[in-house]
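Structure first, then comments.
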Amino acid sequence: NEVFRALNAARADDATRRGAYDATFATDALLKPIQTLDHAALLDAWDFLSSRFFRRLDAEMTAHAQALERGVYRAYCVAAVKRGERQKATQLLTELARRDAADATSKPPSAPKQDAEVVWAL
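Each position in the sequence shown, counted from 1, maps to that position plus 138 in my numbering.
Okay, here's the thing in structure tokens:
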């Protein structure tokens, strides 16, 4: 996919020049699909970042990455609604729901711990 190739090329170029990954490329990869309301590109960019960088984080930083993910999707939906293109927000939310449903059916349910308190949140 185009986003993956561009990010990978930018990462390789940056690593060659400075020996480190420049977060500007990741930020651009997430902001451009929000600006153009391209939910498929946004999901591709997030999947790339998640598989390459975020899955290696410790528990505390993983929580921050998950909060960032929710914020990115929220920003997309807000941008779509502000531009009068609610169907774009609906498309993203529909795809996220489809992915969640697929994840739920592929994983066996786990029983709550006996002493654990169950908390429901929307």
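Every residue, glycine too, gets a C-beta built ideally from N, C-alpha and C.
DSSP, reduced to helix, strand and coil, places Asp176 outside both helices and strands of the structure shown, so it counts as coil. The C-alpha of Val216 lies about 8 angstroms from the C-alpha of Ala227.
Residue range 197-220 is occupied by the alpha helix (DSSP H) that includes Gly209. For Glu233 against Leu181, the beta-carbon gap comes to about 7 angstroms, under 8 angstroms, which counts as contact. Counting along the chain, Lys226 sits inside the alpha helix (DSSP H) bounded by residues 224-244.
Straight through space, the alpha carbons of Thr162 and Lys170 are spaced by roughly 12 angstroms. Per DSSP, reduced to three states, the secondary structure at Phe186 is helical.
Around the beta carbon of Leu195, fewer than 16 other beta carbons lie within 10 angstroms, which makes this residue exposed. The three-state reading of DSSP puts Phe191 in coil, since its state is none of H, G, I, E or B.
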